[in-house]
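Sequence lines, in order, name chains A and B. Residues in the first sequence are numbered consecutively from 120, following my numbering. Residues in the second sequence are numbered consecutively from 20, following my numbering.
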Amino acid sequence: MKWWKYLTIALLLYTVVMGFLGHVPRLAILNETERNLYFHVPMWFGMTIILLASVINSVRYLRNPSSRLDILAHESAKTGILLGVLGLMTGSLWARYTWGTWWTTDVKLNGAAVTMLIYAAYLVLRGSVRDEQQRARLSAIYNIFAFSAAIPLLFIMPRLAEASLHPGMGGNPGFSKYDLDSAMRLVFYPAVIGWTLLGVWITEVACRLAFVQEKIYEKQEKQLA
Amino acid sequence: MKNKKNNWLSRAVALLLPLLLLGGAALAQAPAAAEPEMADALRQSGKIYVVVLVLVIIVTGLLVYLVRLDGKVSRLEKEAESR
Numbered sequence: 120m121k122w123w124k125y126l127t128i129a130l131l132l133y134t135v136v137m138g139f140l141g142h143v144p145r146l147a148i149l150n151e152t153e154r155n156l157y158f159h160v161p162m163w164f165g166m167t168i169i170l171l172a173s174v175i176n177s178v179r180y181l182r183n184p185s186s187r188l189d190i191l192a193h194e195s196a197k198t199g200i201l202l203g204v205l206g207l208m209t210g211s212l213w214a215r216y217t218w219g220t221w222w223t224t225d226v227k228l229n230g231a232a233v234t235m236l237i238y239a240a241y242l243v244l245r246g247s248v249r250d251e252q253q254r255a256r257l258s259a260i261y262n263i264f265a266f267s268a269a270i271p272l273l274f275i276m277p278r279l280a281e282a283s284l285h286p287g288m289g290g291n292p293g294f295s296k297y298d299l300d301s302a303m304r305l306v307f308y309p310a311v312i313g314w315t316l317l318g319v320w321i322t323e324v325a326c327r328l329a330f331v332q333e334k335i336y337e338k339q340e341k342q343l344a
Numbered sequence: 020m021k022n023k024k025n026n027w028l029s030r031a032v033a034l035l036l037p038l039l040l041l042g043g044a045a046l047a048q049a050p051a052a053a054e055p056e057m058a059d060a061l062r063q064s065g066k067i068y069v070v071v072l073v074l075v076i077i078v079t080g081l082l083v084y085l086v087r088l089d090g091k092v093s094r095l096e097k098e099a100e101s102r
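Listed below in structure tokens is the structure:
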């Protein structure tokens, strides 16, 4: 096993233990739920980083097509979508107990939901094209659109909005204001790295499996020929 | 996976490291009056550790699953190579 996989294990266990036992400032409304900073927020960090990897591989595919790059882009997108869905679910639960509702028409929330729908369409598109090269090419082009729509929806529009409940958006202070109490940073940064690495790890295993599968199919075809 | 013993040793060290780190900060919880309500009672009774242990078990379980899956794919890769 590679070194960064041990790092992932260490960081995640550290996050889970220190996430609950570490010091957090006393805040009204949020109370202990501010510990969600170590779990909900890293989902979005991880998603963004992995989706960026996905779109980079899609661009590489278009410049120099190979099934390897298509697999890398596809599996990264799948992991990114998984993390995004987990982010939406945990965010909704958190909202229920701090804002009093599962969902509200907030720019940040709707932006995140639309982003997930755009990426769901990526999977639909892939599923609806049978020819491998055509599928790879079409989905690579769509992936560029999806990523360039996701960034403004997630990070630009909510910040430009007049009002948002979400921390860090629409003139609302972000958590960076609270965790100036640097005890939280000591858990938050390792948490972001740990959860992101977990996403990378899952993607790596999924890609390797797809590579092996492809190799076996190729050999079978050669034997038949 | 050349030397299995060394591999297991480093794996154990990686697992134990965060538990060693937790010792100091876990004790630094002092409740204060007339401030926003926090889960002090839960901490005083010590039951927060139950939650922590449950999460450690779940995360460890998921990671062990992923490590084994990783190993299986590695074996499959070797098999596909040699066939």
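Heads up, the beta-carbon is just placed ideally off N, CA and C, and yes, glycines get one too.
Listed in chain order, the non-local C-beta contacts of A/Ala-269 below 6 angstroms within the same chain comprise Thr-234, local neighbours out to five positions each way being set aside. Counting C-beta pairs with one atom in each stretch, the stretch 249 to 262 of chain A and the stretch 174 to 187 of chain A have three or more that are closer than 8 angstroms, which means they touch.
Measuring C-alpha to C-alpha distances from A/Gly-210 to each of A/Phe-158, A/Ile-169, A/Gly-199 identifies A/Phe-158 as the nearest. For A/Val-226, the closest C-alpha among the options A/Val-135, A/Gly-141, A/Leu-140, A/Arg-278 is that of A/Arg-278. Contact between the stretch 169 to 177 of chain A and the stretch 196 to 208 of chain A is established, with three or more Cβ pairs separated by less than 8 angstroms.
Runs of the beta strand (DSSP E) spanning 3 or more residues and lying entirely within the stretch 183 to 263 of chain A do not occur at all. Counting only residues of its own chain and dropping the five nearest sequence neighbours on each side, A/Phe-139 has a CB closer than 8 angstroms to the CB of Arg-154. Taking 9 angstroms as the Cβ-Cβ cut-off, the stretch 148 to 179 of chain A approaches chain B at Ile-148, Leu-149, Asn-150, Glu-151, given in chain order. Looking at the backbone, the Cα of A/His-193 and that of A/Ser-173 are separated by about 7 angstroms.
Pairing B/Ile-67 with B/Thr-79, the inter-Cα distance amounts to about 18 angstroms. Residue range 301 to 343 is occupied by the alpha helix (DSSP H) that includes A/Lys-338. Boundaries of the alpha helix (DSSP H) around B/Arg-94: 67 to 101.
The beta carbon of B/Val-69 does not come within 8 angstroms of any beta carbon belonging to chain A, so the residue lies off that interface. Between the alpha carbons of A/Ser-301 and B/Met-57 lies a gap of roughly 19 angstroms. Setting aside the 5 residues that flank it on each side, A/Trp-123 is surrounded in the same chain by Leu-316, each with a C-beta closer than 7 angstroms to its C-beta; the list follows chain order. Excluding residues up to 5 positions away in sequence, Ile-200 lie with their Cβ nearer than 8 angstroms to the Cβ of A/Ala-239 in the same chain. Counting only the Cα atoms, A/Lys-121 lies some 12 angstroms from A/Ile-128.
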